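Participant: Below you will find the structure I want to go over with you.
Residue numbers (UniProt numbering): 1 to 101.
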């Protein structure tokens, strides 16, 4: 289950039209999955829906919006870009740093 709503990401994007809702929902799912891979755990396994830290929700919103606005892996005519500012830093604050072996 997504930790952010379609409406939250549309607000991040200043998007009011419904035409891209399905695409935005895919970006939300992909962003949350990617962040969970970086964290080393599923967010729903660690937090109840009412206790999910706001910074993790912000990460999903920022990354989903970034992927919606930049739909290709390569941008021509611009300099190299990393994850949206703050996403990596926020994820590192919550990341599971233990090594399973």
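All C-beta atoms in this analysis are idealised placements derived from N, C-alpha and C, irrespective of residue type, glycine included.
All figures in this text were calculated on a predicted structure; none of them were measured in a lab.
1. Given a threshold of 16 other Cβ atoms within 10 Å of its Cβ, counted over all protein chains shown, does residue 42 qualify as buried or as exposed?
2. For the putative contact between residue 56 and residue 96, defined by C-beta atoms under 8 Å, what is the C-beta separation to the nearest angstrom?
3. Starting from residue 97, trace the alpha helix (DSSP H) in both directions and tell me its first and last residue.
4. Nearest to residue 53 by alpha carbon, out of 67, 7, 22 and 91?
5. Which of the three DSSP states, helix, strand or coil, is assigned to residue 73?
Facilitator: The relevant details are as follows:
1. exposed
2. Actually they are not in contact, since the Cβ atoms of residue 56 and residue 96 sit about 13 Å apart, beyond 8 Å.
3. Counting along the chain, residue 97 falls outside any alpha helix (DSSP H), and DSSP gives it neither H nor E.
4. 91
5. coil
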